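Protein chains in written order, with UniProt numbering: chain L, 1 to 284; chain C, 1 to 364. Take a look at the structure set out below.
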Amino acid sequence: MSALPPYSSTAQITWYYAFRVICGLIFFFLIFPIIVIAPLSFNAENFFTFTPKMLALDPEGYSLKHYRDFFTNPDWQQALWNSVRIAPVATLLATAFGTLAAIGLSQSHVPFKSTIMAVLISPMIVPLIISAAGMYFFYSRIGLQGTYWGVVLAHAALGTPFVIITVTATLVGFDRSLTRAAANLGADPVRTFFKVQMPLILPGVVSGALFAFITSFDEVVVVLFLGSASQKTLPWQMFTGLREQISPTILAVATLMVAISIVLLTVLELLRRRSERLRGMSPG
Amino acid sequence: MSENRGAAVRYESVQKSYDGETLVVKNLNLDIARGEFLTMLGPSGSGKTTCLMMLAGFEPATHGEIFLNDRPINNVPPHKRGIGMVFQNYALFPHMTVAENLAFPLQVRGISKADQSSRVQRALDMVELGTFGSRRPAQLSGGQQQRVAVARALVFDPELVLMDEPLGALDKQLREQMQYEIKHIHENLGVTIVYVTHDQTEALTMSDRVAVFNDGVIQQLSTPDALYESPQNSFVAQFIGENNKLNGTVTSVEGTTCGVEVGTGIHLKADPVNISGVGSKTTLSLRPERVELQPEAPMENMVDGHIEELIYLGDHIRVRMNVAGNDEFVVKVRNRGQRRKIAEGETVKIGWAASDCKALDAVA
Numbered sequence: 001m002s003a004l005p006p007y008s009s010t011a012q013i014t015w016y017y018a019f020r021v022i023c024g025l026i027f028f029f030l031i032f033p034i035i036v037i038a039p040l041s042f043n044a045e046n047f048f049t050f051t052p053k054m055l056a057l058d059p060e061g062y063s064l065k066h067y068r069d070f071f072t073n074p075d076w077q078q079a080l081w082n083s084v085r086i087a088p089v090a091t092l093l094a095t096a097f098g099t100l101a102a103i104g105l106s107q108s109h110v111p112f113k114s115t116i117m118a119v120l121i122s123p124m125i126v127p128l129i130i131s132a133a134g135m136y137f138f139y140s141r142i143g144l145q146g147t148y149w150g151v152v153l154a155h156a157a158l159g160t161p162f163v164i165i166t167v168t169a170t171l172v173g174f175d176r177s178l179t180r181a182a183a184n185l186g187a188d189p190v191r192t193f194f195k196v197q198m199p200l201i202l203p204g205v206v207s208g209a210l211f212a213f214i215t216s217f218d219e220v221v222v223v224l225f226l227g228s229a230s231q232k233t234l235p236w237q238m239f240t241g242l243r244e245q246i247s248p249t250i251l252a253v254a255t256l257m258v259a260i261s262i263v264l265l266t267v268l269e270l271l272r273r274r275s276e277r278l279r280g281m282s283p284g
Numbered sequence: 001m002s003e004n005r006g007a008a009v010r011y012e013s014v015q016k017s018y019d020g021e022t023l024v025v026k027n028l029n030l031d032i033a034r035g036e037f038l039t040m041l042g043p044s045g046s047g048k049t050t051c052l053m054m055l056a057g058f059e060p061a062t063h064g065e066i067f068l069n070d071r072p073i074n075n076v077p078p079h080k081r082g083i084g085m086v087f088q089n090y091a092l093f094p095h096m097t098v099a100e101n102l103a104f105p106l107q108v109r110g111i112s113k114a115d116q117s118s119r120v121q122r123a124l125d126m127v128e129l130g131t132f133g134s135r136r137p138a139q140l141s142g143g144q145q146q147r148v149a150v151a152r153a154l155v156f157d158p159e160l161v162l163m164d165e166p167l168g169a170l171d172k173q174l175r176e177q178m179q180y181e182i183k184h185i186h187e188n189l190g191v192t193i194v195y196v197t198h199d200q201t202e203a204l205t206m207s208d209r210v211a212v213f214n215d216g217v218i219q220q221l222s223t224p225d226a227l228y229e230s231p232q233n234s235f236v237a238q239f240i241g242e243n244n245k246l247n248g249t250v251t252s253v254e255g256t257t258c259g260v261e262v263g264t265g266i267h268l269k270a271d272p273v274n275i276s277g278v279g280s281k282t283t284l285s286l287r288p289e290r291v292e293l294q295p296e297a298p299m300e301n302m303v304d305g306h307i308e309e310l311i312y313l314g315d316h317i318r319v320r321m322n323v324a325g326n327d328e329f330v331v332k333v334r335n336r337g338q339r340r341k342i343a344e345g346e347t348v349k350i351g352w353a354a355s356d357c358k359a360l361d362a363v364a
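See the structure below:
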């Protein structure tokens, strides 16, 4: 939306400002609840509210003690370690399976494509509690319930739809004659995949992987059903912390997790722009 | 056909159907000699591209066998055929530089790094892009990308190179220039080239032989001049070059000429190329430049033509006339300086030789 042209009617002018107000409100409702926890996490007291000292911007009202608690408390450290052990493996599985599924489903000769697609992305649509309950009964039957691999597999299943969707979107713009050209030049299908197709759909794969990672890193319902005490992840610890101890350490952890997400997304976007520039796809 | 050993490519009774019902290619038999430049020419949907794709290995033949140097290749996957190909949209790898694109087929073949770069450089020099190795395809113009595609198809020294309408996306001037360049590359390297196009000028300019496709069948396979001078049927006559057609009935056949009655009582002499005998319907095909306007000496065929329209085109004048009820009859008159006095609305004598007038299968 550029500046208002001089011939704008009153209605257009009204809409011009109303549009901005609406956008501002949307951003406020989306972002404010997240932003407000950041200063609270530096609270010197064990409360979830702004103390008078904090509001007066008195340095004594602030402290890093909740962060210190997070980094020293063995409960939190164990949870962090579990999350770090589970999320990357789940991401790896989700990315590999999701990419393969998307490539397979983009072939023209696959029958029942839309049905298969619907089944594969159903974990995204079905309420999480239903998936979690189903997985609980199924995994207990086959001995995966309460194990590390049970949680990893469940998180991979939840992350796969994101990868399928982002990779499918990138494949739409992928020129099939490139794989033909590669074959014609003597490359077998495996080499064609890694040297030609993969580099070109990489942006979709990476953003899908990021979503899968965040899904696993933030997930609490499935892990509550499937995990045992030794798979207690960060979100699980936060959940119990909220219910049992009401410790502002949760706020510190939440702030850290938001920061990690922002850093990940920024790095990814920068990498994407760099690769596009290298490919000469966009000017500058 | 199968005795003809030593052909670079041989199609033997090849059929192709995509849906199991309609044949896109019907019983194709074709030998392509080593070192030949063969063009598959035809309108879209005529099966020419399908033939090329079967040769490249991207489409399996429904029936029949394709031989490459007398070796059946139906069960050889595309990446083991060792055929170079220039794609319609060039299909250059956008994430690689020009040099990396060219090195790709060499890398695949396990050629040493030093050898790779010297061969890449040689191929780039051949298409006059010697200094462009480090650019990416997106930084090149259409014509330059086209040359890179040609260089990449040739860099691994294939004996056979396929080209699928490679000049389609270029503007007219560049297209003509590239036609000569590809022709020269072919002459210098002696590779076999199978070229697919719907542009007859391209086909006539570059090819040793042209296979005219229509409806999944080769209508005629001959040298460019034979294609133009002696078309074997009405489709070829219509498709190649400009053509006047007159519908009539065969009245007599004597050796190398036949009599044809056109319209009401106009009797013409023609070359009986593709007729089924006296009394049958025929379409006469006559090139516009073979017709004499107001001939000085009497000719075998002399009729009256009513001038409908004159179009001045510099080197020649197109005269659109009504001849025997056909008002699309075109005569090309060379511009020799002394312009003859002809005007729209006049009725003049026109004449042509019987051998220039081909009696072909009848078309509506």
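No residue lacks a Cβ here, since even glycine has one placed at the ideal position from N, Cα and C. Owing to the predicted nature of the structure, the values given are computational and were not obtained by experimental measurement.
Going straight from the alpha carbon of residue i to that of residue j, what length do you get?
i	j	result
Leu93(L)	Gln220(C)	57 Å
Thr49(L)	Arg68(L)	19 Å
Ser2(C)	Phe67(C)	Bear in mind that a pLDDT of 43 at Ser2(C), under 50, signals an unreliable position, so the number given afterwards is only what the model happens to contain. Cα-Cα distance, rounded: 10 Å.
Ser140(L)	Thr115(L)	28 Å
His184(C)	Arg122(C)	16 Å
Gly190(C)	Val331(C)	40 Å
Val148(C)	Ile266(C)	57 Å
residue 375(C)	Ala237(C)	No answer is possible for residue 375(C): the residues shown for chain C start at 1 and end at 364.
Arg20(L)	Ile13(L)	11 Å
Asn184(L)	Gly204(L)	26 Å
Ile246(L)	Arg191(L)	54 Å
Asn46(L)	Gly61(L)	11 Å
Gln232(C)	His79(C)	38 Å
When burial is assigned at 16 or more other CB atoms within 10 Å of the CB, is residue i buried or exposed?
i	result
Ala343(C)	exposed
Cys357(C)	buried
Cys258(C)	buried
Glu219(L)	buried
Lys113(C)	exposed
Val126(L)	exposed
Gln146(C)	buried
Trp15(L)	exposed
His109(L)	exposed
His155(L)	buried
Trp81(L)	exposed
Taking 7 Å as the threshold (beta carbon to beta carbon), is residue i in contact with chain C?
i	result
Val196(L)	yes
Arg180(L)	yes
Ile199(L)	The residue asked about is misnamed: residue 199(L) is Pro in this sequence, not Ile. Closer than 7 Å to some Cβ of chain C, the Cβ of Pro199(L) qualifies, so yes.
Ser177(L)	yes
residue 294(L)	Only positions 1 to 284 of chain L appear in this structure, which leaves residue 294(L) out of reach.
For chain L, check one thing: does any of its Cβ atoms lie closer than 7 Å to the Cβ of residue i?
i	result
Phe93(C)	yes
His79(C)	yes
Ser2(C)	Model confidence at Ser2(C) stands at a pLDDT of 43, short of 50, so the residue's coordinates are unreliable; what they give is reported in the following sentence. Chain L contact via Cβ: absent.
Phe87(C)	yes
Find the residues of chain L that neighbour residue i, judging by a C-beta separation of less than 8 Å, and give them in chain order.
i	result
Ile83(C)	Asn184
Ala56(C)	Arg180, Asn184
Asn188(C)	In chain order: nothing, as chain L lies at least about 22 Å away.
Asn69(C)	What Asn69(C) touches in chain L: nothing, since even the nearest Cβ is about 17 Å away.
Under 7 Å between beta-carbons, which chain C residues line up against residue i? List them in chain order, please.
i	result
Arg191(L)	Val108
Cβ closer than 9 Å: which chain L residues qualify as neighbours of residue i?
i	result
Phe132(C)	The premise fails here: Phe132(C) is roughly 13 Å from chain L at the closest Cβ pair, so nothing lies under 9 Å.
Just the chain L side, please: which residues come within less than 7 Å of residue i by C-beta, in chain order?
i	result
Pro105(C)	Leu185, Gly186
Against chain D, does residue i count as a neighbour if the rule is that its beta carbon must be under 7 Å from one of theirs?
i	result
Ile182(C)	Looking for chain D here will not work: the only protein chains present are L and C.
Item to check | Start-end ranges of the alpha helix (DSSP H) lying completely within the region 135 to 192 of chain C, minimum 4 residues | outcome: As far as the region 135 to 192 of chain C is concerned, its whole alpha helix (DSSP H) runs of at least 4 residues are 142 to 154, 172 to 189.
Checklist entry - What alpha helix (DSSP H) runs, 4 residues minimum, are completely inside the region 69 to 154 of chain L? => result 74 to 105, 113 to 125, 128 to 141
Item to check | Minimum length 4: unbroken alpha helix (DSSP H) runs contained in the region 226 to 255 of chain L | outcome: 234 to 240
Item to check | Runs of beta strand (DSSP E) wholly within the region 200 to 250 of chain C (minimum 3 residues, chain order) | outcome: 209 to 214, 217 to 222
Checklist entry - Residue ranges of each alpha helix (DSSP H) run of no fewer than 4 residues wholly in the region 21 to 78 of chain L, ordered along the chain? => result 37 to 40, 52 to 55, 65 to 72
Next on the checklist: For a minimum of 4 consecutive residues, which ranges assigned as the alpha helix (DSSP H) are wholly contained in the region 68 to 119 of chain C?
Outcome noted: 98 to 108
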